[in-house]
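In my numbering, the protein residues as written are 70 to 562. For reference, the structure is listed below as structure tokens.
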Ligand code: SF4
């Protein structure tokens, strides 16, 4: 019997938690939300969930893994049948709505109990809530709510928002969502499903993207990225404004504020560098266009005498295109990914990891042999796999290896929804560029400057000062004291 091929979980670069979707009034809302989450799969692969309403109750389906694994065809049928009952039993023309979520988390238990949307109750009835981002004061709020007798069912910071809504509306009619959101600090894009509407809200700094689209039917949909709107055939209308709550119901779309827009927003610039789909438009610009321009900017900042430019697949492709165009060097694909390498969750040794990288990426000897090669990637986190890849290119006969990274060195932790490695494991923490170059064994190394990054990311609608760059600069847009930092690490959803 043949031996099974080795399967290794290669070190993750950086992971973001969560994509969200909300849709109202459309036939088969669960199916639409499901399709939208396919387009958002890059934002989270740990678990996925959908909820629908029939105008009275909320039906939920969640599971672990990719959207296609977590949500079965029978789940979708059950949820859509539930939503359709609203139109059949209430002499209302439209079915109810749906919200959905896909999640990534590297902290806390990887359990279905933490899968979203979460369902709770408040004065206004049953409510389901899904969240993208990270609350930095969730631990304090949780303690305070527990002291007042609230029992939590999950370890997710998202449940804190449901508990705050219930607490706010316990004794009086109020805008429970607005009151809850006024108490939480950090990064959040949330979608909620009520009996008669969906709502979507974004924190006052606008850390994560959240887009509104209009379906061909005239109904509205909200999703983390415009690529999800495209899948549904929806037309991009605008982003949900920082500090805004958008309501979508049978009456159409309405807006109210729970907070002013922060004077200096904090759009995550790493969304442009790495996270968001190249096909999406976020913070006023198309991601693919920005990434190509980041490559071009690198070619201006760090030109080098070389024979060709090649990307680190797949993440470096867009920037490599821009670098090649700006530098006039030929673009070649010399590193070929094997898309059929599976993943398990064993912890490989260094030797096994190197073997796994060799299996996952093959070098085209004819492209690199005897050549001075510029390799473009979007970021370096730990640097362990980068070193192995650079050694592979060298071993394949490259005469010179010049590495260009389309963002600055990542040196500080993120508390706003991105899981980088432990700061102690980041290759750039406490190290200069020359030190990193020597460690990676390349002939030259350049990280795009913060100024260069912001010059490209900025546009008419969003100037450079409205981007968060804390993981590069250590300048956090909101105070993050040591206690808060500890709490943030514990509070990840
Ligand atoms: S710290 Fe970095 S990854 Fe986190 S929100 Fe800011 S720019 Fe994005």
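The beta carbon of each residue, even a glycine, is placed where N, CA and C say it ideally should be.
Applying the criterion that 16 or more other CB atoms from any shown protein chain within 10 Å of the CB defines a buried residue, is residue 185 buried or exposed? When all chains shown are included, residue 185 counts as buried.
Have a look at residue 600 and residue 273 and give me their C-alpha separation to the nearest angstrom. Absent from the model: residue 600. The displayed extent of the chain is 70 to 562, so no value can be given.
If I measure Cβ to Cβ from residue 132 and keep anything under 6 Å in the same chain, skipping five residues before and after, which residues do I get? 139
Backbone CA spacing between residue 457 and residue 356 [nearest angstrom]: 28 Å
Rounded Cβ spacing between residue 379 and residue 403 (contact assumed at less than 8 Å): 4 Å
Just checking my contact of residue 198 with residue 230 at CB under 8 Å: how many whole Å lie between their CB atoms? 6 Å
Do residue 342 and residue 226 have their C-beta atoms closer together than 7 Å? Their beta carbons are not under 7 Å apart, which means residue 342 does not touch residue 226 by this criterion.
Cβ neighbours of residue 389 in the same chain (closer than 7 Å, five flanking residues each side left out): 364, 378, 379, 380, 400, 445
Nearer than 6 Å: is that true of the beta carbon of residue 337 relative to any heavy atom of the ligand SF4? yes
Can you list, in chain order, the residues of its chain whose CB lies under 6 Å from that of residue 544, leaving out five sequence neighbours each side? Closer than 6 Å at the Cβ level, and outside the excluded window around residue 544, lies no residue.
Between which two residues does the alpha helix (DSSP H) containing residue 381 stretch? That residue, residue 381, is in no alpha helix (DSSP H); it is neither H nor E in DSSP.
Is the closest heavy atom of the ligand SF4 to the C-beta of residue 483 under 6 Å? Yes, since a heavy atom of the ligand SF4 falls inside the 6 Å radius drawn around the Cβ of residue 483.
When the Cα of residue 170 is compared with those of 308, 183, 161, which residue comes out closest? 183
Quick check on the DSSP output: what are the complete alpha helix (DSSP H) runs of length 4 or more inside the stretch 185 to 217, in order along the chain? 207 to 216
Residue 172 versus 214, 114, 130, residue with shortest Cα-Cα distance: 114
For residue 354, does the count of other Cβ atoms within 10 angstroms reach 16, so buried, or fall short, so exposed? Of the other Cβ atoms in all chains shown, 16 or more fall within 10 Å of the Cβ of residue 354; this residue is therefore buried.
Cut-off 6 Å between Cβ atoms - residues of its own chain near residue 253, not counting five sequence neighbours on either side: Excluding positions up to five away in sequence, the list reads 204.
Under a Cβ-count criterion, where at least 16 other Cβ atoms within 10 Å of its own Cβ denotes burial, should residue 70 be classed as buried or exposed? With a pLDDT of only 36 at residue 70, under 50, the local geometry of the prediction cannot be trusted, and no value is derived from it.
Distance cut-off 6 Å: residue 527 Cβ against heavy atoms of the ligand SF4: no
Close-in-space but distant-in-sequence residues of the same chain around residue 525 (CB under 7 Å, 5 per side omitted): 359, 362, 363, 366
Per DSSP, the bridge partner or partners of residue 471: 443, 513
One question on the structure: do residue 228 and residue 279 come within less than 7 Å of each other, judged by their Cβ atoms? no
Counting only runs of 3+ residues fully inside the stretch 121 to 174, write out the beta strand (DSSP E) ranges in chain order. 127 to 133, 167 to 172
Return yes when at least one heavy atom of the ligand SF4 lies under 6 Å from the C-beta of residue 342, else no. no
Does the ligand SF4 have a heavy atom nearer than 6 Å to the CB of residue 487? yes
Residue interval of the alpha helix (DSSP H) (run including residue 103): 98 to 108
Find the nearest neighbour of residue 542 within the set 87, 505, 478, judged by alpha-carbon distance. 478
Complete alpha helix (DSSP H) runs within the stretch 249 to 335 (minimum length 4 residues, chain order): Within the stretch 249 to 335, the complete alpha helix (DSSP H) runs of at least 4 residues are 295 to 301.
Quick check on DSSP: helix, strand or coil for residue 114? It is coil, neither helix nor strand.
For residue 334 and residue 310, what's the separation of their Cα atoms in angstroms? Just so you know, the alpha carbons of residue 334 and residue 310 end up roughly 11 Å apart.
With respect to 6 Å, is the separation between the Cβ of residue 540 and the closest non-hydrogen atom of the ligand SF4 below this value? yes
Does DSSP put residue 407 in a helix, a strand or coil? coil
Along the alpha helix (DSSP H) that carries residue 519, what are the first and last residues, could you check? 519 to 526
Straight-line CA distance for residue 245 to residue 531? 31 Å
How close, in whole Å, do the beta carbons of residue 247 and residue 217 come, if the pair is a contact with beta carbons under 8 Å? Actually they are not in contact, since the Cβ atoms of residue 247 and residue 217 sit about 20 Å apart, beyond 8 Å.
Does the distance from the CB of residue 122 to the CB of residue 94 come in under 7 Å? no
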